[in-house]
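Participant: Pasting a structure here, questions to come.
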Amino acid sequence: MKYAYYPGCSLECSSAAYDVSVRAVAEALQLEFLEVDDWNCCGATEYFTQDELTACAVIARNLALVDPQLDQLVAPCAACFLNLKKTDQLMAENREIGANIHAALAAGGLSYRPGRVRVRHLLDVIYTDIGEAAVRRHVVRPLNGLRVAPFYGCQVVRPILGEDDTEYPMKMDELFTWLGAEVIDYPVKAHCCGGHMTQISESQAFELIRRLLQSAVEYEADMILCTCPMCQLNLDAYQSRVNGLFHTDFKLPIVFFTQMLGVAFGIELQKLGFGKEIVAATPVIEARLAEQTSDMQMTKSQ
Amino acid sequence: MIQVAANQHASSFLREVMAATPGGQRIVHCLQCGSCGGSCPNGADMQHTPRTLFALINADQREQVLSSNTMWCCVSCYFCTTRCPQKIPITEVMYALKRLAIRSGLAKHTDAPALARTFTDLLDKYGRSFEFGLASRFYLFHKPLAMLKMGPLGWSMFTRGRMALTPTRIKNIEQLQAIIRKARELGGAS
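Residue numbers (the numbering used here), protein chains in the order written: chain A, 1 to 302; chain B, 303 to 492.
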């Protein structure tokens with residue numbers, strides 16, 4: 001299966017672990033991801049704060065640059081996914097903004113027909129297009145005994161984009177059940193990580209981060225799985241600052257769901273970007289997988 | 303019919319907000335149920351919850367609305383939007399109010415416009431976001447004291463190879479800039 005691939009800026013550096021694990025997992029699943037040539041930043045939430053039309057025009061350039069042979073575009077970042085999808089819909093539904101976006105693209109010698117490209121989030125591609133049977137076939141190192149907390153955040157599940165339930169999404173939960181993990185059912189899996197609020201109001205942002213970490217810890221998660229670079233960054237990099245502010249003692253690894261998918265597929269940890277997270281994830285993974293190996297040996301010897 | 307009637311009597315500020323928001327015509331259907339504020343992770347920090355804001359917009363209280371902190375508490379989580387029984391695109395209304403507040407010089411209580419400006423200036427220049435440039439410029443010019451607290455975090459990101467010190471420029475930056483210029487001209491934004 002061939003898809004156009006839009007990595008987005010975070011995956012180039014601050015979330016390089018997401019990019020390498022996406023590519024490794026895609027290869028294992030024989031998904032062909034062809035990077036959009038010379039793509040530009042989606043503008044995150046910042047461009048919409050300032051200027052809606054320019055925000056949409058900047059995003060639409062990426063839609064226009066998708067290889068004409070391809071009709072699906074995969075974005076692993078939640079904000080990129082939402083912006084690309086929202087702009088495509090807006091161009092189709094809002095005649096006035098649509099006409100202005102067309103005119104702006106034309107100034108750069110480009111054009112795009114709304115609806116030509118179907119924007120997909122990576123989680124949905126793996127869940128829907130690959131599906132349970134094929135995912136299970138690829139599992140060589142089941143995640144038995146590992147307690148994972150799937151964290152969806154906001155922009156993959158809301159606004160209503162038809163990808164999953166907006167209140168109680170389940171795709172990542174099911175995916176990790178296929179991998180043999182113990183998936184914890186905690187109430188904040190689709191709540192907000194604070195986004196860029198960490199830069200603007202720490203007191204507001206850190207409280208949102210604390211609630212998520214607190215809930216996952218109360219449900220005895222070994223780690224949180226993310227579908228979005230912003231969520232991973234906030235929960236991981238700000239964890240020690242949150243501990244300082246609230247006198248808590250969180251030490252919870254935060255990884256991308258593709259990293260753990262890669263572990264289950266038997267890909268070496270070094271090839272999945274582990275070691276880039278601030279709160280180390282490898283000790284708990286190695287401990288759980290070692291328990292599993294010793295359990296298997298005990299079962300065999302019995 | 304209800305919508306037509308409401309629009310005929312709409313305050314001038316209501317018309318302004320509706321025009322600035324895609325799908326903004328739905329604002330007149332607000333029932334004052336309060337699902338929005340109740341769903342908001344930052345609702346308790348808002349001077350006015352969204353439903354109060356809608357009532358103020360209806361009452362033409364332009365300055366009070368645009369100088370409030372409400373939209374600057376919005377983290378774009380879209381809970382209010384998906385839960386609104388009247389299908390008002392509330393998150394989009396918040397974006398529109400942010401833009402109107404910035405343009406009217408009424409954006410108070412927040413560094414968000416400065417962050418947005420620094421972010422988009424870098425995007426316009428390079429075509430990609432540049433996190434180190436964003437953080438260093440934003441903190442240096444707008445929050446110099448907070449820079450000290452960010453130091454250890456920046457260092458741990460850097461040592462794990464998660465922070466590039468130089469920006470990446472896309473190949474066809476002229477094309478992107480031509481698109482941006484045209485969009486600005488058509489939208490009338492600065």
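For every residue, glycine included, the Cβ atom is placed at its ideal position computed from N, Cα and C.
Taking Cβ positions, are residue 149/A and residue 223/A nearer each other than 8 angstroms?
Facilitator: Yes, they are a contact pair.
Participant: What do you reckon, are the CB atoms on residue 142/A and residue 157/A nearer than 8 angstroms?
Facilitator: No, Cβ-Cβ distance for residue 142/A and residue 157/A is not below 8 angstroms.
Participant: Check whether the segment 28-35 of chain A and the segment 420-437 of chain B touch, using three or more Cβ-Cβ pairs below 8 angstroms as the test.
Facilitator: Contact between the segment 28-35 of chain A and the segment 420-437 of chain B is absent, because fewer than three Cβ pairs lie under 8 angstroms.
Participant: So with CB distances below 8 angstroms, who are the chain A contacts of residue 280/B?
Facilitator: The structure shown has nothing for residue 280/B, since chain B only spans 303 to 492.
Participant: Does residue 413/B have its Cβ less than 8 angstroms from a Cβ in chain A?
Facilitator: Output row for residue 413/B: interface = yes.
Participant: Between residue 312/B and chain A, is any beta-carbon pair separated by less than 8 angstroms?
Facilitator: No - not a single Cβ of chain A is within 8 angstroms of the one on residue 312/B.
Participant: From the beta carbon of residue 33/A, is the nearest beta carbon of chain B less than 8 angstroms away?
Facilitator: Chain B contact via Cβ: absent.
Participant: Counting C-beta neighbours from all protein chains within 10 Å, is the total for residue 68/A 16 or more, i.e. buried, or is it exposed?
Facilitator: It is exposed - the Cβ of residue 68/A has fewer than 16 other Cβ atoms within 10 Å.
Participant: Can you tell me whether residue 199/A is buried or exposed? The criterion is at least 16 other CB atoms within 10 Å of its CB, across all chains shown.
Facilitator: By the neighbour-count rule (16 or more Cβ atoms within 10 Å), residue 199/A is buried.
Participant: Please list, in chain order, the chain A residues whose beta carbon lies closer than 8 angstroms to that of residue 458/B.
Facilitator: Chain A residues near residue 458/B: 237 and 278.
Participant: Near residue 39/A, which residues of its chain fall below 6 angstroms by C-beta distance, leaving aside the five closest residues on each side in sequence?
Facilitator: Within the same chain, residue 39/A has close Cβ partners 6 and 62.
Participant: Can you pull the chain A residues whose beta carbon is under 8 angstroms from the beta carbon of residue 440/B, in chain order?
Facilitator: Within chain A, the residues near residue 440/B are 199.
Participant: How many whole angstroms separate the CB atoms of residue 375/B and residue 204/A, which I take to be in contact at a CB cut-off of 8 angstroms?
Facilitator: Contact holds; Cβ gap of about 7 angstroms.
Participant: With a threshold of 8 angstroms between beta-carbons, can residue 40/A be considered close to chain B, or not?
Facilitator: True, the Cβ-Cβ gap to chain B drops below 8 angstroms.
Participant: Cutting at 8 angstroms between CB atoms, please list the residues of its own chain near residue 12/A, excluding the five before and the five after it.
Facilitator: These residues qualify, in order along the chain: 19.
Participant: Determine the contact status of residue 151/A and residue 212/A, defining contact as a CB-CB distance below 8 angstroms.
Facilitator: It is a contact, given that the beta carbons lie within the stated cut-off.
Participant: Taking Cβ positions, are residue 391/B and residue 335/B nearer each other than 8 angstroms?
Facilitator: No.
Participant: For the segment 56-135 of chain A, which segments carrying the beta strand (DSSP E) assignment without a break, of at least 3 residues, lie completely within its bounds, in sequence order?
Facilitator: Runs found: 72-75 and 118-121.
Participant: If we ignore side chains and look at the alpha-carbon of each, how far apart do residue 91/A and residue 258/A end up?
Facilitator: Cα to Cα, residue 91/A sits roughly 32 angstroms from residue 258/A.
Participant: For residue 270/A versus residue 254/A, is the C-beta spacing smaller than 8 angstroms?
Facilitator: Their beta carbons are not under 8 angstroms apart, which means residue 270/A does not touch residue 254/A by this criterion.
Participant: How would you list, in chain order, the residues of chain B whose beta-carbon sits under 7 angstroms from the beta-carbon of residue 192/A?
Facilitator: Chain B residues near residue 192/A: 343, 377 and 379.
Participant: What's the gap between the Cα of residue 121/A and the Cα of residue 77/A?
Facilitator: Each residue's alpha carbon lies about 8 angstroms from the other.
Participant: CA-CA distance, residue 365/B and residue 242/A?
Facilitator: Taking the straight line from one Cα to the other gives about 36 angstroms.
Participant: Do residue 409/B and residue 440/B count as a contact pair if the criterion is CB distance below 8 angstroms?
Facilitator: Not a contact, by the Cβ cut-off of 8 angstroms.
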